[in-house]
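Residue numbers (the numbering used here): 1 to 335. Built from N, CA and C at the ideal position, the CB exists for glycine as well. All values derive from a computational prediction rather than experimental measurement.
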């Protein structure tokens, strides 16, 4: 799995180096002048450790390329208005590239269209836009596949037990949340609305909301043996709710992110596994494309999967994985 993920990343780098789509459009202020790239990054929040890590990686990559770098964020997961204001701010500042992790795949489309009309290259990181063509290129995890891996792991870990599942989702309308949710069900072999799903709630990727949501669902039905969590802060909240009811040992819970805290949560027994993403690779690919665009006018294009790897010290047959020790060395691709 790691070799596959690394191959995907290297392929993405090669595509960026050759201009990906080999398209050159020099209208507006996108005309190449060999000057310094001015990159604006808009993340979903500036508090979630995942986006903090992505921002840090992008800032470091930009510094290494002598590119100007500015970062703004929404105030909370789902703050589309805040992201639109950030995009408008960057248009006024005359950036050459906007990189964005959109809160809603549709909520920022009009603002991104205005940016592109102004000649600004738009790169989506982590989250695809809808339609995908609203961004020039996307560097992200295949979120359906990440969810499928989580579900397949949980199904294997349950063994002969019939699944009874709680699902703690992200933000309503988010493509990341929807894709991971659908992927998890595919990995578990369950249909949407199946009776094995004991309850579902949104938690906006927030630990406290996840704990509250899980507590509410457990008050209705505590006969569960598996929990889907959209990301690792969600998993921490669900773990607290399960522990309060003495259910921590019987419930199989995996997650998605692969941050250093998430890897530590496996080691401490809070979760069985996590699906590691590589936001540092997303940031590096985005910055490389932005710098090349400023230098030559070459635009990247299409979707580039930056890979995902299951991390666990309880490997399951048929589920390729890496151990916690490997995860500690590679969390989020930052080490």
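Tell me which residues share the same chain as residue i and place their Cβ nearer than 8 Å to its Cβ, disregarding the 5 neighbours each side in the sequence.
i           : result
residue 115 : 87, 90, 91, 98, 122
residue 191 : 185
residue 324 : 263, 266, 267, 311, 312, 313
residue 10  : Only weak support is given to the placement of residue 10: the predicted model assigns it a pLDDT of 37, under 50, and the value that follows is read from those uncertain coordinates. Cβ within range, chain order: n/a, list empty.
For residue i, which residues in the same chain have their Cβ closer than 6 Å to its Cβ, ignoring the five residues on either side in sequence?
i           : result
residue 260 : 331
residue 155 : 188
residue 38  : 68, 95, 96
residue 326 : none
residue 25  : Note that residue 25 has pLDDT 34, beneath the 50 cutoff, so the model's placement of it is unreliable and the number below is only indicative. Around residue 25: no qualifying Cβ.
residue 290 : 37, 39, 97
residue 61  : 283, 284, 287
residue 52  : none
residue 199 : 166, 217
Is residue i buried or exposed, if buried means 16 or more other CB atoms sit within 10 Å of its CB?
i           : result
residue 161 : exposed
residue 288 : buried
residue 75  : exposed
residue 220 : exposed
residue 269 : exposed
residue 117 : exposed
residue 333 : buried
residue 103 : buried
residue 44  : buried
residue 231 : buried
residue 204 : buried
residue 65  : buried
residue 140 : buried
residue 227 : buried
residue 63  : exposed
Rounded to whole angstroms, how far is the Cβ of residue i from the Cβ of residue j, which I believe are closer than 8 Å?
i           : j           : result
residue 276 : residue 311 : 5 Å
residue 180 : residue 146 : 6 Å
residue 242 : residue 252 : The pair is not a contact, with the Cβ atoms about 11 Å apart (cut-off 8 Å).
residue 125 : residue 72  : With 8 Å as the limit, residue 125 and residue 72 do not qualify as a contact, their Cβ atoms being about 14 Å apart.
residue 138 : residue 303 : 5 Å
residue 202 : residue 223 : That pair is no contact at about 22 Å.
residue 196 : residue 165 : 6 Å
residue 163 : residue 225 : 7 Å
residue 305 : residue 142 : 5 Å
residue 214 : residue 237 : 7 Å
CA-CA distance, residue i and residue j?
i           : j           : result
residue 262 : residue 255 : 8 Å
residue 294 : residue 313 : 44 Å
residue 128 : residue 265 : 28 Å
residue 298 : residue 59  : 22 Å
residue 208 : residue 240 : 10 Å
residue 151 : residue 167 : 11 Å
residue 93  : residue 112 : 15 Å
residue 285 : residue 218 : 42 Å
residue 109 : residue 279 : 22 Å
residue 47  : residue 157 : 32 Å
residue 183 : residue 244 : 29 Å
residue 130 : residue 82  : 19 Å
residue 22  : residue 36  : Unreliable placement is indicated for residue 22, whose pLDDT of 30 sits below 50; no coordinate value is reported for it.
residue 328 : residue 322 : 10 Å
residue 19  : residue 234 : With a pLDDT of 35 at residue 19, under the threshold of 50, the modelled position of that residue is not reliable, and the figure given next carries that caveat. The alpha-carbon atoms of residue 19 and residue 234 are separated by roughly 38 Å.
residue 100 : residue 309 : 23 Å
residue 354 : residue 176 : The chain is shown only over 1 to 335; residue 354 falls outside these bounds and no answer can be derived.
residue 148 : residue 296 : 39 Å
residue 174 : residue 50  : 16 Å
residue 193 : residue 85  : 37 Å
residue 132 : residue 300 : 13 Å
residue 337 : residue 320 : The structure shown does not extend to residue 337, since the chain is modelled only from 1 to 335, so the question has no answer here.
residue 135 : residue 315 : 38 Å
residue 107 : residue 178 : 15 Å
residue 206 : residue 159 : 30 Å
residue 271 : residue 57  : 26 Å
residue 70  : residue 229 : 32 Å
residue 41  : residue 307 : 21 Å
residue 153 : residue 105 : 28 Å
residue 249 : residue 144 : 27 Å
Give me the DSSP bridge partner(s) of residue i.
i           : result
residue 304 : 139
residue 341 : In the structure as shown, the chain begins at 1 and stops at 335. Residue 341 is therefore absent and cannot be evaluated.
residue 202 : 169
residue 68  : 38
residue 252 : 226
residue 291 : DSSP output for residue 291 lists no bridge partner at all.
residue 274 : 255, 311
residue 321 : 310
residue 197 : 165
residue 267 : DSSP lists no partner for residue 267.
residue 73  : 43
How about residue i: is its C-beta nearer than 8 Å to some C-beta of chain D?
i           : result
residue 167 : Included in the structure is just one protein chain, with no chain D present.
Is any non-hydrogen atom of the ligand SAH found closer than 7 Å to the C-beta of residue i, if you look at the structure I gave you?
i          : result
residue 75 : Among the components of this structure there are no ligands whatsoever, and the ligand SAH is therefore not found.
Taking 7 Å as the limit between beta carbons, can you name the residues of its chain near residue i, skipping five residues before and five after?
i          : result
residue 80 : 103, 104, 107, 108
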